[in-house]
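Residue numbers (our numbering), protein chains in the order written: chain X, 1 to 168; chain P, 169 to 336.
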C-alpha cells in the first residue's frame, strides 16, 4: 500500500472539480437496482464495521477505511441511484423503495436527504482521521440519523435504525 | 457537496496511518459472502461507468468519482474479504470463489493479486484526476488486467474480462 500515491490520489480526486456523478446511460432497470442494492449493502457493511469498533476494540485505521468507503459512495450522488424506471424491479432482490421517492412533490425532500448524508459522511471522514473515539461516536450517530431518516420516508418495511452486521 | 471538507477528509484519511482494514469479528459466513459480492458488484459497476466514459462522452468528474470508489474499496484489503469459512455459501447468490484461493500454497499469489489491484487502483485515481483520456485508457487497461488475472485464477466460470454494465 503506497501511502504517497493514496495521498496524491485522494487529494487530486477531491480538488479536481465539482465531483458530481451522472447516472450511466442506457442500462437495464434491474441492473440499476442491483447496483444500488450493492452500494447500500457496502454502506451498511461499513456502518456495521464502524459500530463494531465503537462497541469493542477501537482500531482507528479500520474506521478510517470504512469512513472513506462511505464517503466515496456518498459522493457518487445517491439521488441518482433512483432513476425513473426503477420504481419496481428485482436486483439481487425486489427493490424496497417506496413510490413516494419518485413523486415530484418529494424531489426536494429526497435531494436534501442525499445532501445531508453526503455532508455527514464528509464530516465522519474528517473526524475519523482525527481519531477521537467519542467524537467519532457522536458524528456516527448523525450519519446513522441520515440513514434512518431516509429509510423511514422512502423504504418499505423500514427496520433499519440498526446497521447491518459488519459482514466483511 | 463541500469540496473543502472532502479535501480535508480524503487527505486526513490517507495521511493518518497505514490504513489496513482488519476483517470484522464474529460474522456469519453468508453475511461475509454477501458483503464481498456487494463490494465486487460496486467495483464492477464503477469499472463499467469508466468504460462507458472511455467509449463515449468523457466526463472527467464521473471517472474521478468511480476511480475513488474503486480505490477506497481496494484499500479495505481485498484479501481479507475471503476469510476461512467462506469457501462455500450463499450471499446474494452462491459464491463463485474457487477452493484454490484458500489453499495455503496460493497465499502469496492471492496477496500479490490484491496488492496489484490496490496499486493499479491508486494509479487510476491519480491519472483520472489529471484527466487525460488516453492516459486513463491505458491505466484502466492495467486495472482490468488485475481483475482478469484474479478471476482467471480464483473465480469459477470466469468470463469477466469485460466489465459489468455501468448499472448505476
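Positions of the beta carbon are idealized from the N, C-alpha and C atoms, including for glycine.
- Beta-bridge annotation (DSSP): residue 258 of chain P is paired with P:262.
- From the listed residues X:68, X:118, X:42 and X:113, the smallest Cα separation to residue 101 of chain X is found for X:113.
- With a cutoff of 7 angstroms on beta-carbon distance, residue 266 of chain P and residue 304 of chain P are scored as not near each other.
- Annotation: residue 138 of chain X to residue 200 of chain P spans about 27 angstroms, alpha carbon to alpha carbon.
- For residue 42 of chain X, a Cβ of chain P is located within less than 7 angstroms of the residue's own Cβ.
- Nearest neighbour of residue 294 of chain P by Cα position, chosen from P:238, P:213, P:207 and P:221, turns out to be P:238.
- As computed with DSSP, residue 155 of chain X is found in a beta bridge with X:97.
- Residues of the same chain with a CB within less than 7 angstroms of the CB of residue 128 of chain X, apart from the 5 flanking positions on each side, are 63, 64, 67 and 136 in chain order.
- Within the same chain, 205 come within 8 angstroms of residue 261 of chain P by CB-CB distance, once the 5 residues on both sides are set aside.
- Along the stretch 71-97 of chain X, the positions whose C-beta sits under 7 angstroms from a C-beta of chain P are 71, 72, 73, 75, 76, 81 and 92, read in chain order.
- Unbroken alpha helix (DSSP H) runs of no fewer than 4 residues, entirely contained in the stretch 36-68 of chain X, are not found.
- Each residue's CA atom was taken as its position, placing residue 144 of chain X and residue 80 of chain X some 20 angstroms apart.
- Under the DSSP assignment, residue 117 of chain X falls in the alpha helix (DSSP H) whose first and last residues are 107-130.
- The beta carbon of residue 58 of chain X sits closer than 7 angstroms to the beta carbons of 133 from its chain, once the five residues preceding and following it are set aside; these are given in chain order.
- Here the alpha carbon of residue 95 of chain X sits roughly 12 angstroms from the alpha carbon of residue 85 of chain X.
- For chain P, none of the residues of the stretch 98-114 of chain X brings a beta carbon within less than 8 angstroms of one of its beta carbons.
- With at least 16 other beta carbons inside 10 angstroms of its own, residue 43 of chain X counts as buried.
- Only residues of its own chain outside the window of five on either side were considered, and among them 299 have a CB closer than 7 angstroms to the CB of residue 228 of chain P, listed in chain order.
- In summary, residue 55 of chain X is exposed, with fewer than 16 beta-carbon neighbours lying within 10 Å of its beta-carbon over all protein chains present.
- Of all alpha-carbon atoms in P:203, P:273 and P:314, the one lying nearest the alpha-carbon of residue 244 of chain P is that of P:203.
- Taken in chain order, the members of the stretch 219-237 of chain P whose beta-carbon sits within less than 8 angstroms of a beta-carbon on chain X are 220, 224, 227, 228, 229, 230, 232, 233, 234, 235, 236 and 237.
- A residue is called buried once 16 or more other Cβ atoms fall within 10 Å of its Cβ, and residue 320 of chain P, having fewer, is exposed.
- Here residue 290 of chain P is buried, its C-beta having at least 16 other C-beta atoms within 10 Å.
- Rounded to the nearest angstrom, the Cβ distance from residue 308 of chain P to residue 242 of chain P is 14 angstroms, too far for a contact under 8 angstroms.
- Residues of the stretch 304-321 of chain P with a C-beta atom less than 8 angstroms from some C-beta of chain X do not occur.
- Around the C-beta of residue 219 of chain P, 16 or more other C-beta atoms lie within 10 Å, and the residue is accordingly described as buried.
- In the three-state scheme derived from DSSP, where H, G and I count as helix and E and B as strand, residue 244 of chain P is classed as coil.
- With fewer than 16 other Cβ atoms from the protein chains shown falling within 10 Å of its own Cβ, residue 258 of chain P counts as exposed.
- Rounded to whole angstroms, the separation of the alpha carbons of residue 273 of chain P and residue 41 of chain X is 32 angstroms.
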